[in-house]
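J.: Residue numbers (the numbering used here): 923 to 1039. For each residue, glycine too, the CB sits at the ideal point set by N, CA and C. Being a predicted model, the structure only gives us computed values, none of them experimental.
1) What would DSSP say about residue 950, mapped onto helix, strand or coil?
2) Quick check: the Cα distance between residue 1004 and residue 983, rounded to an integer number of angstroms?
3) To the nearest angstrom, how far is the alpha carbon of residue 929 from that of residue 935?
4) When the Cα atoms are used, what is the spatial distance from residue 986 to residue 978?
5) Measure the C-alpha to C-alpha separation of residue 1016 and residue 1008 and round it to an integer number of angstroms.
6) How long is the line joining the alpha carbons of residue 1019 and residue 988, rounded to whole angstroms?
7) Leaving out five residues before and five after residue 980 in sequence, what residues of the same chain have Cβ atoms less than 8 angstroms from its Cβ?
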């Protein structure tokens, strides 16, 4: 189809014109100045990002230190709780053994009293 071929021809010419304009612009002082300004902005952004990264790294180190301290404290509390639970369980077992002995003794006393009556 000739219409389609003509459209393609026009598209190619348009692209070629844009590229020619870019080629003329590249060699100009204006373009070089734009490149230098862009480069300076990039360097500034890099410096800013490095500074932010260092700041955040230091803050993160402080947070990690605080976290480690709190974690160690929690582990100590868990150890104390486990020791207390263990001690409590031992006390409960001792109490239960004493109660069993008391009940056994009460039963023996009751049987002996029944024999005397």
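T.: Quick answer:
1) coil
2) 31 angstroms
3) 10 angstroms
4) 12 angstroms
5) 12 angstroms
6) 46 angstroms
7) none
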